[in-house]
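Be aware that the sequence shown starts at 72, since it is given in this note's numbering, and climbs by one per residue. Notes follow once the structure below has been shown.
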Amino acid sequence: MSKIVWLINPVAMPPDREVRFQTQKRALFLANLGFKPIVIGGSYFHNSGTNIAGSNPPLWTQQYNGINYVHIRVTSYSNHIGRFLSLSLFYTRLFLFCKRLEKPDYINEVATIPFSLTVVALAKRLKAVH
């Protein structure tokens, strides 16, 4: 059975729109090693003005190039306060809805201070390695 790895990045985008490839490349690398990566990102694409939330629920799954992505509905923003609120909503919804996702064996994240503390608590709650 494959070990499940959550790759948490609030600004991760689908591969056809991604400009920061770090999370996507990590997911492909882990998949090639036999892991089951799940990329968790927000619905708003930073610096693009695009929000794919539409009429989707607060959390939905989609597959791109064989990799599972979980999108969390967040608000669009155009300034620092809006970005902070969007990040707050992302981590709050991740914490609230995490039980709807496959339980991870490992959690890897892009550090988003001070929100990284939420992921530490989440890892303890799910008994996953962080």
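Think of the CB as a built atom: it goes at the ideal place given N, C-alpha and C, for glycine as much as any other residue.
When the Cα atoms are used, SER114 and ALA192 turn out to be separated by approximately 23 Å.
Sequence-distant partners of LEU160 (beyond 5 residues in either direction) whose C-beta falls short of 7 Å from its own C-beta, in its chain, are VAL145, THR146.
For ASN127, the secondary structure class from DSSP, reduced to helix, strand or coil, is coil.
As a beta-bridge residue in DSSP terms, GLU180 pairs with ILE79. With the rule of 3 Cβ pairs closer than 8 Å, the region 133–145 counts as touching the region 102–120. Proximity of the region 72–79 to the region 161–180 meets the contact definition, three or more beta-carbon pairs being nearer than 8 Å. The C-alpha of TYR162 is placed about 7 Å away from the C-alpha of PHE186.
Scanning its chain for C-beta atoms nearer than 7 Å, with the 5 sequence neighbours on each side dropped, one finds around LEU158 the residues PRO81, THR183, PHE186, in chain order. Residue state for PHE116 is assigned as strand, using DSSP reduced to three classes.
For LEU197, the CB contacts under 7 Å within the same chain, skipping 5 residues up- and downstream, are CYS169, LYS174, PRO175 in chain order. Counting the other CB atoms within 10 Å of its CB gives VAL200 a total below 16, which places it among the exposed residues.
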